[in-house]
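This report refers to the structure that appears directly beneath it.
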Amino acid sequence: DAGVTQSPTHLIKTRGQQVTLRCSPKSGHDTVSWYQQALGQGPQFIFQYYEEEERQRGNFPDRFSGHQFPNYSSELNVNALLLGDSALYLCASSSETGWSETQYFGPGTRLLVL
Amino acid sequence: DAKTTQPPSMDCAEGRAANLPCNHSTISGNEYVYWYRQIHSQGPQYIIHGLKNNETNEMASLIITEDRKSSTLILPHATLRDTAVYYCIVRSSQTGANNLFFGTGTRLTVIP
Numbered sequence: 002d003a004g005v006t007q008s009p010t011h012l013i014k015t016r017g018q019q020v021t022l023r024c025s026p027k028s029g030h031d032t033v034s035w036y037q038q039a040l041g042q043g044p045q046f047i048f049q050y051y052e053e054e055e056r057q058r059g060n061f062p063d064r065f066s067g068h069q070f071p072n073y074s075s076e077l078n079v080n081a082l083l084l085g086d087s088a089l090y091l092c093a094s095s096s097e098t099g100w101s102e103t104q105y106f107g108p109g110t111r112l113l114v115l
Numbered sequence: 299d300a301k302t303t304q305p306p307s308m309d310c311a312e313g314r315a316a317n318l319p320c321n322h323s324t325i326s327g328n329e330y331v332y333w334y335r336q337i338h339s340q341g342p343q344y345i346i347h348g349l350k351n352n353e354t355n356e357m358a359s360l361i362i363t364e365d366r367k368s369s370t371l372i373l374p375h376a377t378l379r380d381t382a383v384y385y386c387i388v389r390s391s392q393t394g395a396n397n398l399f400f401g402t403g404t405r406l407t408v409i410p
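As given, the protein sequences belong to chains A and B, one line each in that order. Here our numbering is used: the first residue of the first sequence is 2, the next is one more, and so on. Here our numbering is used: the first residue of the second sequence is 299, the next is one more, and so on.
Next up, the structure:
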């Protein structure tokens, strides 16, 4: 049973570019959440997708957007990249019907903006 | 904002029990206590969670005080592979409100 997978593992972009990160949830999970983790900090919640719609959102600008597909996989898009967007981007999946909706994390995508 | 307070760092001798404390004095009745850990540059790993009662699984035990204002994560026999940052998180049990607010956690170092 595959856990949460993310692609790519590493990415280098330049300021002003756009990036798309991908996440496949754990089998049986229908909810995907995205987090940003800057160096030396704990992960910060970006947003959560359920039934192909954004359900919750943290304190992130509109440059951060996402999408969830019918197979529950998800994408995170970041436009007009800034140097400060350099971070580890984590995807977590959970089941709306599972007990207490525990989130399980993927290995992350490390983004470097130059 | 994080609703928990943890010591920034702790050491533990290999083979001994590691007891990681967490204060969550403002926890409400419908909030769970969750523990995750993160080994360098990897995604956070779920350890255990509880609501009121103490919990135990193959990884750890979670002891929650009767007033629910604090808890302790216990790793019964710490190994070098348990060296990681441990996060204590309180999270609503409301459906659709399961996003996690991470603090800075406790950096546990297991010493040979």
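Glycine included, every Cβ here is placed at the ideal spot set by N, Cα and C.
- From the listed residues B:Y384, B:L398 and B:N355, the smallest Cα separation to L406 (chain B) is found for B:Y384.
- Look at E102 (chain A): its C-beta is under 8 Å from a C-beta on chain B.
- In the structure shown, the three-state DSSP call for E329 (chain B) is strand.
- Within the segment 334-363 of chain B, contact with chain A at the beta-carbon level (separation under 9 Å) is assigned to Y334, Q336, S339, Q340, G341, P342, Q343, Y344, H347 and L349.
- Assignment of L378 (chain B) by DSSP, reduced to helix, strand and coil, places it in the helix class.
- In this structure, L115 (chain A) lies away from T21 (chain A), with their beta-carbon atoms at least 8 Å apart.
- For S326 (chain B) and N351 (chain B), the gap between their C-alpha atoms comes out near 15 Å.
- Rounded to whole angstroms, the separation of the alpha carbons of Y51 (chain A) and T370 (chain B) is 32 Å.
- In the structure shown, the three-state DSSP call for G85 (chain A) is helix.
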